[in-house]
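Single-structure report; data block below.
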Amino acid sequence: MTAISSPKPAEQLRQQLSQRTLKHFIGGEWQDSASGETFEVHTPTDNSLLTAAASGDEHDIDRAAQAAWAAFPAWKALDGKARRKLLYKVAALIEDRAEELALAESMDTGQPIRFMKSAAIRAAENFRFFADRAEAAQDGLSLPADGFLNYTIRQPIGPVGIITPWNTPFMLSSWKIAPALASGCTVVHKPAEWSPVTATLLAEIMHEAGIPAGVVNLVHGYGETAGRALTEHPHIKAIAFIGESSTGSSIQKQGAATLKRVHLELGGKNPVVVFADADLERALDAAIFMLYSLNGQRCTSSSRLLVERSIHDDFVKKLAERVSNIKVGDPLDPATEVGPLIHPRQFEKVCSYFDIARADGATVAVGGERIGESGNYVRPTLFTNARSEMRIAQEEIFGPVLTVLPFDDEADALRIANDVPYGLAGYLWTNDLTRAHRFAQGLDVGMVWINSENVRHLPSPFGGMKASGIGRDGGDYSFDFYMETKNIAVNLDGRGAAKLGV
Ligand code: NAD
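For what it's worth, our numbering labels the leading residue of the sequence shown as -14, then goes sequentially.
In structure tokens:
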């Protein structure tokens, strides 16, 4: 394992975090929980105490929802240009603090620092992208009819709840908060309890940028208390959620009594399908990157690798060599490629699949063990000789663990690729043009990349089908979620209604 190369700024930040309790941000003020309760936040490098956070419950959520409710009319009425200007300011401040954000994210989540600065920059891009569309978000259609003009406008739905997970939490929070604010909604954000640090920094940044009090509120806390209360609050009109499929299902139930609109971005078990005719060097790079970058904790990670049988052994040999070489170490070391897993519970979950794989008859070709005695480090792992029905090929493990499955022909590949409960993303490697399109259309997923890793295009729809979610993010799709479409019908020819009671 490698050591930290530039400990100084990290040490300073660590000291600052150890001296503060992360508070809620409600109605423009930093607040403790009504109950006075806090919870501990640990760093995955050795599970030592990093900081503490206020532990919110239904009383704190109520204060935040009331603040978002009170701030909504003025924020909704602010013109798009003014909202754009404020969101641009947020983006600029994120860029100014990108180093600090990257460091904080690495310490809090175990994500390697080499990926975290670009994640912070992507968050700034999200704010700018939606800022540029704030003015036109209300635009609608003109639908002329006989004697009538129908036209539509979009209006913000109201205060919304945003519930985010612990993987790349800063970037994912921006992805939800930016379009919500651009469309004129006010927000109550409940970040994941395992990674609350950068959500606090984002609230600080938005406050400093001049976002008015109550427009964005932050409540820390556990899913079952703060999260649940947010999904049940009557002032909250919609919930944008990113997390596990089972939690998404609970959120739908919890929100049913108040008829919440929900957008669910959930788990994945995404196939990467490599045909013999592909550019195998690039396919190898992409398969490795999409699984082992971000510690394998990426919803769109290519966690099931399907390789055509004629090239399987050779491809897997090269893959195994590369996986054995992946550098595991301190997330703050720029050389580190895989850091520790976020929490002992997630660590135990990932490690449990090493035994499951062996018991089910798969081969642990690389890894399959923890590293060291402290911290949540696991050796990057490769399972071979697997079959599609095995748990390692069906369940979202969410760690640096890849399962390889051979296939015989295109039909076999499509059958295996679709043979999972999830349907988020698929990756396809072939130089056969017609097969590429045919196969992409046959995949039961929300997004397909052909001859590429996941390269995000902000106007394009992002989201999954089956157990991977409901709804789409990105461009106008985000506005559709955060806004109501209203139809206005104007009579043009003065016709009267049929007369009753004459
Ligand atoms: P999780 O479902 O455990 O938690 C996500 C959030 O939900 C947390 O803030 C948690 O406190 C909250 N929560 C938990 N129970 C709740 C309840 N009953 N009511 C309201 N809120 C509740 O997910 P996680 O383990 O933090 O994140 C990892 C998961 O997120 C993986 O499954 C991953 O695939 C998924 N994910 C999906 C996408 C996507 O775009 N599809 C992106 C990133 C992560």
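Beta carbons are placed, not taken as given, at the ideal position from N, Cα and C, and that holds for glycine.
| task | Taking all protein chains shown into account, decide if residue 470 is buried (16 or more other Cβ within 10 angstroms of its Cβ) or exposed. | result | Numbered from its first residue, the sequence shown carries residue 470 at position 485. By the 10 Å Cβ count, residue 470 comes out exposed.
| field | Expected contact under 8 angstroms - CB spacing of residue 308 and residue 351 to nearest Å | value | What you label residue 308 is simply residue 323 of the sequence shown in a count that begins at 1. What you label residue 351 is simply residue 366 of the sequence shown in a count that begins at 1. The beta carbons of residue 308 and residue 351 sit about 5 angstroms from each other, so the pair counts as a contact at 8 angstroms.
| query | Between residue -11 and the rest of its own chain, which residues show a CB-CB distance below 8 angstroms, the 5 nearest in sequence each way excluded? | reply | Counting from one through the sequence shown, the residue named residue -11 turns up at place 4. Residue confidence for residue -11 is low, a pLDDT of 42 falling below 50, so the modelled location carries little weight; the figure read from the coordinates is stated next. Cβ neighbours of residue -11 beyond the five flanking positions: -5, 315, 317, 318.
| field | Neighbourhood of residue 115 by C-beta distance below 6 angstroms, restricted to the same chain and skipping five residues each side | value | Numbered from its first residue, the sequence shown carries residue 115 at position 130. Non-local beta-carbon contacts of residue 115 in its own chain, meaning distances under 6 angstroms to residues more than five positions away in sequence, involve 163, 164, 167 in chain order.
| field | Terminal residues of the beta strand (DSSP E) in which residue 434 lies | value | In the sequence shown, the residue the question calls residue 434 occupies position 449. Residues 432 to 435.
| query | Roughly how many angstroms lie between the CA atoms of residue 458 and residue 439, to the nearest whole one? | reply | Position 473 of the sequence shown holds residue 458. Position 454 of the sequence shown holds residue 439. Near 15 angstroms, if we compare the C-alpha coordinates of residue 439 and residue 458.
| message | Suppose only complete runs of 4+ residues qualify. What are the alpha helix (DSSP H) ranges in the region 303 to 346, listed by chain order? | response | Counting whole runs of 4 or more residues, the region 303 to 346 contains the alpha helix (DSSP H) stretches 329 to 345.
| task | Look at the Cβ atom of residue 202, then the Cβ atom of residue 52, and state whether they are nearer than 7 angstroms. | result | Here residue 202 refers to the residue found at position 217 of the sequence shown. Here residue 52 refers to the residue found at position 67 of the sequence shown. Contact: yes.
| said: Using a Cβ-Cβ cutoff of less than 8 angstroms, which residues in the same chain neighbour residue 437 once the five nearest sequence positions on both sides are dropped? | reply: As a first step, residue 437 must be located in the sequence shown, where it is residue number 452. Closer than 8 angstroms at Cβ, skipping near neighbours: 271, 412.
| query | Cα separation between residue 454 and residue 408? | reply | For this step, residue 454 is matched to residue 469 along the sequence shown. For this step, residue 408 is matched to residue 423 along the sequence shown. Rounded to the nearest whole angstrom, the C-alpha separation of residue 454 and residue 408 is 8 angstroms.
| Taking only runs of the alpha helix (DSSP H) that begin and end inside the region 20 to 82, which ones reach a length of at least 4 residues, in chain order? | For the region 20 to 82, whole alpha helix (DSSP H) runs of length 4 or above, ordered along the chain, are 43 to 62, 65 to 81.
| said: Assuming residue 406 is part of the beta strand (DSSP E), what are its boundary residues? | reply: As a working note, residue 406 is residue 421 in the sequence shown. Careful: residue 406 lies outside any beta strand (DSSP E) and carries neither H nor E.
| Contiguous alpha helix (DSSP H) assignments of at least 4 residues, all confined to the region 224 to 296 | The DSSP assignment places complete alpha helix (DSSP H) segments of no fewer than 4 residues inside the region 224 to 296 at 230 to 241, 265 to 277, in order along the chain.
| Nearest residue (CA-CA) to residue 111, options 77, 90, -1 | Indexing the sequence shown from 1 puts residue 111 at position 126. When only C-alpha atoms are compared, the closest one is 77.
| Can you check whether the CB of residue 174 is closer than 7 angstroms to the CB of residue 466? | Within the sequence shown, residue 466 is the residue found at index 481, counting from 1. Within the sequence shown, residue 174 is the residue found at index 189, counting from 1. Their beta carbons are not under 7 angstroms apart, which means residue 466 does not touch residue 174 by this criterion.
| Residue interval of the beta strand (DSSP E) (run including residue 201) | Your numbering for residue 201 matches position 216 in the sequence shown. Its beta strand (DSSP E) spans residues 201 to 203.
| query | So, do the region 210 to 223 and the region 192 to 200 have three or more beta carbon pairs nearer to each other than 8 angstroms? | reply | Judged by Cβ distances under 8 angstroms, the region 210 to 223 makes no contact with the region 192 to 200, as fewer than three pairs qualify.
| request: Under 6 angstroms Cβ to Cβ from residue 497, same chain only, skipping five residues before and after it: list those, please. | output: In the structure as shown, the chain begins at -14 and stops at 487. Residue 497 is therefore absent and cannot be evaluated.
| said: With the cut-off set at 7 angstroms, would you say residue 183 and residue 86 are in Cβ contact? | reply: Taking the first residue of the sequence shown as 1, we reach residue 183 at position 198. Taking the first residue of the sequence shown as 1, we reach residue 86 at position 101. In this structure, residue 86 lies closer than 7 angstroms to residue 183 by Cβ.
| request: Taking only heavy atoms of the ligand NAD into account, decide whether any of them is closer than 6 angstroms to the Cβ of residue 177. | output: Here residue 177 refers to the residue found at position 192 when the sequence shown is read from its first residue. Residue 177 Cβ: within cutoff of the ligand NAD.
| query | residue 10 by DSSP, collapsed to three states: which one? | reply | Within the sequence shown, numbered from 1, the residue matching residue 10 stands at position 25. Correct three-state label for residue 10: strand.
| query | Sorted by chain position, which residues of the same chain lie with C-beta nearer than 7 angstroms to residue 237's C-beta, five sequence neighbours on each side aside? | reply | Start at 1 with the first residue of the sequence shown, and residue 237 comes out as number 252. Correct list, in chain order: 247.
| request: Drop a sphere of 10 angstroms on the beta-carbon of residue 126, count the other beta-carbons inside from all chains shown, and report buried for 16 or more, exposed for fewer. | output: Here residue 126 refers to the residue found at position 141 of the sequence shown. With fewer than 16 other beta carbons inside 10 angstroms of its own, residue 126 counts as exposed.
| request: Would you give the residue range spanned by the beta strand (DSSP E) that residue 140 belongs to? | output: On the sequence shown, residue 140 is found 155 positions in, with the first residue counted as 1. For residue 140, the enclosing beta strand (DSSP E) has its first and last residue at 133 to 141.
| field | For residue 475, three-class secondary structure by DSSP | value | Along the sequence shown, read from residue 1 onward, the residue named residue 475 stands at position 490. Strand at residue 475.
| message | For the ligand NAD, I want to know if residue 216 counts as a neighbour, meaning its beta carbon is within less than 6 angstroms of at least one of the ligand's heavy atoms. | response | Walking along the sequence shown from the start, residue 216 turns up at place 231. Within the cutoff, so yes.
| Looking at residue 221 and the ligand NAD, is the gap between the Cβ and the nearest heavy atom below 6 angstroms? | Residue 221 sits at position 236 when you count from the first residue of the sequence shown. For the ligand NAD, not one heavy atom lies less than 6 angstroms from the Cβ of residue 221.
| query | Cα separation between residue 363 and residue 355? | reply | Here residue 363 refers to the residue found at position 378 of the sequence shown. Here residue 355 refers to the residue found at position 370 of the sequence shown. Rounded to whole angstroms, residue 363 and residue 355 show a C-alpha spacing of 4 angstroms.
| When DSSP labels each residue in this structure, what does residue 519 get in the three-state scheme? | Only positions -14 to 487 of the chain appear in the structure, and residue 519 is not among them; the question remains open.
| task | Only counting runs of 3 or more residues, tell me where the beta strand (DSSP E) segments fall wholly within the region 167 to 216, in order along the chain. | result | Counting whole runs of 3 or more residues, the region 167 to 216 contains the beta strand (DSSP E) stretches 172 to 175, 201 to 203.
| request: Taking 7 angstroms as the cut-off, decide whether the C-beta atoms of residue 369 and residue 301 are in contact. | output: The residue given as residue 369 occupies position 384 in the sequence shown. The residue given as residue 301 occupies position 316 in the sequence shown. The Cβ-Cβ distance between residue 369 and residue 301 falls below 7 angstroms.
| request: Select from 415, -1, 334 the residue whose C-alpha is nearest the C-alpha of residue 92. | output: Mapped onto the sequence shown, residue 92 falls at position 107. Comparing Cα-Cα distances from residue 92 to each of 415, -1, 334, the minimum goes to -1.
| task | Report the three-state DSSP secondary structure of residue 95 (helix, strand or coil). | result | Here residue 95 refers to the residue found at position 110 when the sequence shown is read from its first residue. In this structure, residue 95 counts as coil in the three-state DSSP scheme.
| query | Could you give the distance in angstroms between the alpha-carbon of residue 223 and the alpha-carbon of residue 375? | reply | What you label residue 223 is simply residue 238 of the sequence shown in a count that begins at 1. What you label residue 375 is simply residue 390 of the sequence shown in a count that begins at 1. Note on geometry: alpha-carbon atoms of residue 223 and residue 375 lie some 37 angstroms from one another.
| task | Would you list, in sequence order, the uninterrupted beta strand (DSSP E) runs of no fewer than 3 residues that lie entirely inside the region 344 to 407? | result | Fully enclosed beta strand (DSSP E) runs of 3 or longer: 348 to 351, 366 to 369, 386 to 392.
| Distance, residue 98 Cα to residue -14 Cα | Locating residue -14 in the sequence shown gives position 1, where the first residue counts as 1. Locating residue 98 in the sequence shown gives position 113, where the first residue counts as 1. Confidence at residue -14 is low in this model, with a pLDDT of 40, below 50, so the placement of that residue should be treated as unreliable; the coordinate-derived value is given next. Those two C-alpha atoms are separated by around 15 angstroms.
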